[in-house]
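Visitor:
Numbering (this note's numbering), first residue to last: 2 to 158.
1) Just verifying my parser: in three-state terms, what is the DSSP assignment at residue 48?
2) Alpha carbon to alpha carbon, how far is residue 140 from residue 123?
3) What are the uninterrupted segments assigned as beta strand (DSSP E) that are 3 or more residues long and contained completely in the segment 70 to 98, given in chain order?
4) I need the straight-line Cα distance from residue 105 to residue 99, nearest angstrom please.
5) Evaluate residue 21 with the Cβ neighbour count: other Cβ atoms within 10 Å of its Cβ, from every protein chain shown; 16 or more gives buried, anything less gives exposed.
6) Any heavy atom of the ligand SAM within a distance shorter than 7 Å of the CB on residue 55?
7) Compute the Euclidean distance between the alpha carbons of residue 77 and residue 11, then round it to the nearest angstrom.
8) For residue 216, which residues of its own chain have a beta-carbon under 6 Å away from its beta-carbon, when the five flanking residues on both sides are left out?
9) Across which residues does DSSP place residue 55 in a beta bridge pair?
10) In or out: residue 119 buried (at least 16 other Cβ within 10 Å) or exposed?
11) How would you label residue 88, buried or exposed, when you count the other beta carbons within 10 angstroms and need 16 or more for buried?
12) Around the Cβ of residue 133, are there at least 16 other Cβ atoms within 10 angstroms (buried) or fewer (exposed)?
13) For residue 81, collect the residues of the same chain with a Cβ closer than 6 Å to its Cβ; drop the 5 residues on either side in sequence, then sort them by chain order.
14) Could you tell me the boundaries of the alpha helix (DSSP H) in which residue 152 lies?
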């Protein structure tokens, strides 16, 4: 089991861990386990919720890049949350933006010329300075909102 994993494989692994963590959290309700991992659907006692999960396939030193396809951002609704995964070796943190925060972030970003997607840039600064921040939404309190996921035990990243 100690094989090296990377790219899409590691992204899927972190999505699975996030799904399990949220599935065990009564705040979110019952997870629809038939989803593909990029979109998590929950049927809570009060309302249905969807979480769009984005994993950065590109991680260059101190930056993560996330694309939000046009099919998602054009039709954002009041039940859709946005989650970003921040992998760092065998550890990963995440943040979930509520629907209003997600729309506010997406409204600050112009679609990419080469793709019908909005690209979110997250910079990882040393904790001694400012910590991580979203380039397009500099004053969003990302550092204080980050939550950790259980570390990978058997894989090498």
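Here a beta-carbon is modelled for each residue, glycine too, at the ideal position from N, C-alpha and C.
Guide: In terms of the structure at hand:
1) Residue placement at residue 48 is poorly supported in this model, since its pLDDT is 49, which falls under 50; the coordinates are not used for a value here.
2) 12 Å
3) 81 to 89 and 92 to 98
4) 10 Å
5) exposed
6) Summarising the ligand content, the structure contains no ligands, and the ligand SAM is consequently not present.
7) 27 Å
8) In the structure displayed, the chain extends from 2 to 158; residue 216 sits before or after that span and is not available.
9) 85
10) buried
11) buried
12) buried
13) 51 and 100
14) Counting along the chain, residue 152 falls outside any alpha helix (DSSP H), and DSSP gives it neither H nor E.
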